[in-house]
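Residue numbers (the numbering used here): 1108 to 1551.
Glycine included, every Cβ here is placed at the ideal spot set by N, Cα and C.
Since this is a predicted model, take the numbers as computed values, not measurements.
I have placed the structure first, in the form of structure tokens, so that the comments after it can refer back to it.
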Ligand SMILES: [Zn+2]
């Protein structure tokens, strides 16, 4: 007898974001959590009032068994809400085979990708994006914000090909994951034509305006323009900011200023902020204070910045990541995200946020008990707030959207000793595969 759809029952579950190390019994109905109860010690099937057998511990459990199980015994394993990767580039993922980067610099990556993009067909773009999103899902990510290139200067058809592929992928995955798109507003080409194309992309369903104004000849002008457009269309702003080793790069100050001018506090995100680490203490603190005043969100992309930055240093090579601990200490919402996956910007990566959390811990010397909790929040609650997820988290009344693993605790999860993930979102199990297999899935 199969149980009714949308009903879930877990026992012996730890919820690490509650920071209490207690065991919980959880029940969901019609895709929502209806009961989350702290247990008094371990439960067995009889304690839980069950006559049907429970699924055993997760290791080796296939999807069918999970679907049919009356109750799932996590045996002390942990459950997290679906992870949130708030800065990806799905359109570029897996393009390394077509686009090389011999010097390994950000400049060559941008140049080579831009040269190659007119040759990508919509099918190629959509296929790569789907593969990357599915890979993320299989590792427990159920919400993504992806930036999208929008090279209007290479021709409207080229620019809109990426948008159309992206929207097709979102449609294909709807009901399985939530995807937001942020447009990389180009600073080249005829401004009126670009503005018109931006408006069209927003009408088609793009959610956020972004870009990389620190690379423009007139960063301040670009930043004002993006804010003007964002205000006109009522969308949030998410900008690549100061992805550079040069301590003089401080476009984040203009971003903070415009945020206040437009009353956009809480709606603006600054990503990378590598130059913040290159500044001296006094200047770094000044920038962080300005970010605080404007209530900016921030995102660190440690895998990519460790790879791309510091290329001209000899001897003591800079890490390239931002001032992670200082931003957190200042109370700035700072998420950690994947950025690029196997493309000219970053030859590695697997869209696995627990790996990103681990890399963040190496980059920022975070390994204590409180640090691990902070890292966990940087891939869950904090990015959920940044992208505006409503009712996020494992709470009664919220959507039953979670990832379970066979890790016994957060240390095991972040040390990568537990590779298996089981992901549930929008009323169904999404993957009982070992995550590495996801990329091989067909493009159905
Ligand atoms: Zn990026």
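What three-state label does DSSP hand residue i in the structure shown?
{"i": "residue 1178", "result": "coil"}
{"i": "residue 1285", "result": "strand"}
{"i": "residue 1145", "result": "strand"}
{"i": "residue 1134", "result": "strand"}
{"i": "residue 1254", "result": "strand"}
{"i": "residue 1342", "result": "coil"}
{"i": "residue 1139", "result": "strand"}
{"i": "residue 1267", "result": "helix"}
{"i": "residue 1109", "result": "Only weak support exists for where residue 1109 lies, its pLDDT of 45 falling under 50; the coordinates are left without a value."}
{"i": "residue 1379", "result": "strand"}
{"i": "residue 1443", "result": "strand"}
{"i": "residue 1534", "result": "coil"}
{"i": "residue 1244", "result": "helix"}
{"i": "residue 1124", "result": "helix"}
{"i": "residue 1249", "result": "strand"}
{"i": "residue 1234", "result": "helix"}
{"i": "residue 1117", "result": "strand"}
{"i": "residue 1291", "result": "strand"}
{"i": "residue 1321", "result": "helix"}
{"i": "residue 1280", "result": "helix"}
{"i": "residue 1358", "result": "helix"}
{"i": "residue 1348", "result": "strand"}
{"i": "residue 1188", "result": "strand"}
{"i": "residue 1335", "result": "helix"}
Our contact map puts residue i next to residue j with C-beta atoms below 8 Å; I'd like the distance itself, whole angstroms only.
{"i": "residue 1248", "j": "residue 1198", "result": "Wrong, their Cβ atoms sit about 17 Å apart, outside the cutoff."}
{"i": "residue 1506", "j": "residue 1139", "result": "6 Å"}
{"i": "residue 1398", "j": "residue 1443", "result": "Contact flag wrong, Cβ pair sits at about 17 Å."}
{"i": "residue 1523", "j": "residue 1481", "result": "In fact, because the Cβ distance is near 18 Å, the residues do not count as touching under 8 Å."}
{"i": "residue 1117", "j": "residue 1181", "result": "6 Å"}
{"i": "residue 1304", "j": "residue 1259", "result": "5 Å"}
Report buried or exposed for residue i, applying the criterion of at least 16 other Cβ atoms within 10 angstroms of its Cβ.
{"i": "residue 1121", "result": "buried"}
{"i": "residue 1537", "result": "buried"}
{"i": "residue 1356", "result": "buried"}
{"i": "residue 1339", "result": "exposed"}
{"i": "residue 1142", "result": "exposed"}
{"i": "residue 1288", "result": "buried"}
{"i": "residue 1531", "result": "buried"}
{"i": "residue 1416", "result": "buried"}
{"i": "residue 1347", "result": "buried"}
{"i": "residue 1365", "result": "buried"}
{"i": "residue 1086", "result": "The requested residue 1086 is not part of the displayed model; the chain covers only 1108 to 1551."}
{"i": "residue 1295", "result": "exposed"}
{"i": "residue 1185", "result": "buried"}
{"i": "residue 1225", "result": "exposed"}
{"i": "residue 1391", "result": "buried"}
{"i": "residue 1468", "result": "buried"}
{"i": "residue 1500", "result": "buried"}
{"i": "residue 1144", "result": "exposed"}
{"i": "residue 1285", "result": "buried"}
{"i": "residue 1368", "result": "exposed"}
Should residue i and residue j be called a contact, given that it needs their Cβ atoms to be closer than 8 Å?
{"i": "residue 1188", "j": "residue 1508", "result": "yes"}
{"i": "residue 1235", "j": "residue 1207", "result": "no"}
{"i": "residue 1320", "j": "residue 1330", "result": "yes"}
{"i": "residue 1322", "j": "residue 1290", "result": "no"}
{"i": "residue 1464", "j": "residue 1483", "result": "yes"}
{"i": "residue 1446", "j": "residue 1453", "result": "yes"}
{"i": "residue 1517", "j": "residue 1190", "result": "no"}
{"i": "residue 1193", "j": "residue 1395", "result": "no"}
{"i": "residue 1345", "j": "residue 1382", "result": "no"}
{"i": "residue 1361", "j": "residue 1428", "result": "no"}
{"i": "residue 1533", "j": "residue 1252", "result": "no"}
{"i": "residue 1318", "j": "residue 1333", "result": "yes"}
{"i": "residue 1240", "j": "residue 1448", "result": "no"}
{"i": "residue 1150", "j": "residue 1119", "result": "yes"}
{"i": "residue 1489", "j": "residue 1451", "result": "no"}
For the segment 1422–1432 against the segment 1216–1230, do three or more pairs of beta-carbon atoms, one drawn from each stretch, fall closer than 8 Å, so that the two count as touching? no
Three or more C-beta pairs under 8 Å: does that hold for the segment 1402–1409 against the segment 1375–1394? yes
Would the segment 1466–1476 and the segment 1229–1245 be scored as touching if the rule is three or more Cβ pairs under 8 Å? no
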